[in-house]
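Input: a single structure, listed below in structure tokens.
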Amino acid sequence: CMVAGAVLFLTAGVGMPIGYSGVLLPQLYEINSTLHIDQDIGSWIASIHSLASPLGSLISGPLLDAIGRRSCLQLSAVPLCIGWLLIGFAKNLWLMLLGRFFAGFGVGICGVSAQVLVGETADPGIRGFLVSISIAAYCAGILLVYALGSAFTWETVAFSGIILPGISLLTLSLVSESPVWLVRRGKINAAKKALMWLRGGDTKQIAAEMSDLISRTKQDDMRASSSVSTSFRERLSETKAKIVHPGVLKPLIIINVFLVLQAFSGTYIIVYYGVDLIQDIGKGSVDKYMAAVVTAVIRFIFCLLSCFLLLKIGSRTIAIVSGTGTALSSLVLAAYVLAKSEESYLDKYIIGTCLFLYVSLNTIGLFTLIGNIISELLPHRARGIGGGCSMFMFNFSLFITAKIFPLVKEAVGMGGVFIIFGVSALILTTFMWLTFPDTRNRSLQEIEDYFNGESILWVKKKKCQNERLQNSEA
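Just so you know, we're using my numbering here: the sequence shown kicks off at 44 and counts up by one.
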């Protein structure tokens, strides 16, 4: 699908600034660096990207509804390219920070836009796969920047970061806009043409999807106020009413709790501080640059594996398995780091195994499911504003964790850091087991209908279903 291809190029480009600090900071810490920095400045370089991303996420919500999913995605490539140029030409710290800020702003806009566009244009049978494959492209971008950073200077890597967003900007001009957005804008004929292009002329499927889209849009319009709001206060009131509706608020709670706890489970810390973190754990027994690249390769491979597992298992099971594995591997690694009193030849094997399990099990679910839960759980009437708010919370959590990581590491050591990772993952797993619905082989409308029900607890729903089944058999 051309839509997926265009999104993959941009998503890979978005992954590059995420992983860039992992290879940039070790070069800047060197004495002979043209921009020599200390740990505090390094934490700002790593975290300012995530400080800017929430701003992009917030603006992406209104933009998605105002100019469309495709146009919003194209727009995100512009600050991304500007950011890379500023970084590449940076001769002082302020220009470096400004470049990281611009890149983060572009990433924030792209985050929701990419998932929403794919989620609304993909066939339901492969929707989860396509959303997850974009996360694999994101991992490929991290791997690419790690590989480039191990061979080239940070300036060369920065200039190479412009290539993928530039390609995607051109490719997106050739694809169709989301039919969901077109129907909501009253552009019925354009929506039919978009579905014809996306579904390859399957008239029965197109007719069924169009009928469903139009019906859902009418239902959403009936929920809205009959009067047209013109003032800011009225629009704000409507937005608030939309968010607090049970069908929107429940998935928003699940999504945002997932995103915050995912950040504190260390998913992105090992991306932002990959080289330095591995050096601190290994204490010289592990080749830090090689290990960082290997972790990126593992992340990419398990992202691909997750895509195929979603077709067979579903998001709920993967989230629970991933969270459990992340918690156990983190706590085992923490116990080993705290228990060892001196260096041993076994360190590189035990630490390497624990890191492999942590990265692989974390990646297969917690890392890859962000796009799925946003595109599948949120109803399309609130996908723009809800997705923007969720990505704001996600990126703000990343900023906090990236900024405080050096301080926490100094205070509690790497053993304490991985205890925090493990406990956060354990809480996340319990929460997802209680609340996360099984979305496999369910349409977006069926998922929306579920959240319009009484309870947010999926386990309660399953219990009620089993009781009804037993009563009917009796």
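For glycine and all other residues, C-beta sits at the position ideal for the given N, C-alpha and C.
Chain-order list of residues whose beta-carbon lies under 6 Å from that of ILE356 (same chain, five-residue window excluded): Cβ neighbours of ILE356 beyond the five flanking positions: none.
Cβ neighbours of LEU78 in the same chain (closer than 6 Å, five flanking residues each side left out): Within the same chain, LEU78 has close Cβ partners LEU71.
Boundaries of the alpha helix (DSSP H) in which GLU73 is found, first to last residue: The continuous stretches of alpha helix (DSSP H) do not include GLU73, and DSSP gives it neither H nor E.
Measure the C-alpha to C-alpha separation of MET436 and SER308 and round it to an integer number of angstroms. C-alpha separation (whole angstroms): 15 Å.
Quick check: the region 479–490 against the region 130–137, are at least 3 beta-carbon pairs closer than 8 Å? Counting Cβ pairs under 8 Å, fewer than three are found: no touch.
Classify VAL287: buried if its beta carbon has 16 or more other beta carbons within 10 angstroms, exposed otherwise. Burial call: exposed.
Per-residue DSSP class, three states only, for GLU481: According to the sequence displayed, residue 481 carries Asp and not Glu. Here ASP481 sits in coil by DSSP.
Taking the beta carbon of ASN75 as the centre, do at least 16 other beta carbons fall within 10 Å, making it buried, or is it exposed? Exposed, since its Cβ has fewer than 16 Cβ neighbours within 10 Å.
Boundaries of the alpha helix (DSSP H) in which LEU78 is found, first to last residue: Neither: LEU78 is in no alpha helix (DSSP H) and is coded neither H nor E.
Any idea what DSSP makes of LEU500, helix, strand or coil? Here LEU500 carries a coil assignment [DSSP, helix/strand/coil].
Cα-Cα separation between SER365 and ASP166, rounded to whole angstroms: For the pair SER365 and ASP166, the Cα-to-Cα distance works out to about 26 Å.
Return the chain-ordered list of same chain residues with a C-beta closer than 6 Å to the C-beta of GLY368, the five sequence neighbours on each side being excluded. LEU404, listed in sequence order.
Is ARG276 helix, strand or coil by DSSP? In the structure shown, ARG276 sits in a helix (DSSP, three-state: H, G or I).
What number of angstroms, rounded off, separates the C-alpha of LEU141 from the C-alpha of GLY126? The alpha-carbon atoms of LEU141 and GLY126 are separated by roughly 7 Å.
Sequence-distant residues of its chain with Cβ nearer than 8 Å to GLY209 (five each side left out): Here the set comprises ALA120, CYS124.
Would you mind stating whether MET253 and LEU241 have Cβ atoms separated by less than 8 Å? For MET253 and LEU241, no; Cβs fall outside 8 Å.
Going straight from the alpha carbon of GLU198 to that of VAL50, what length do you get? Approximately 26 Å, taken between the alpha carbons.
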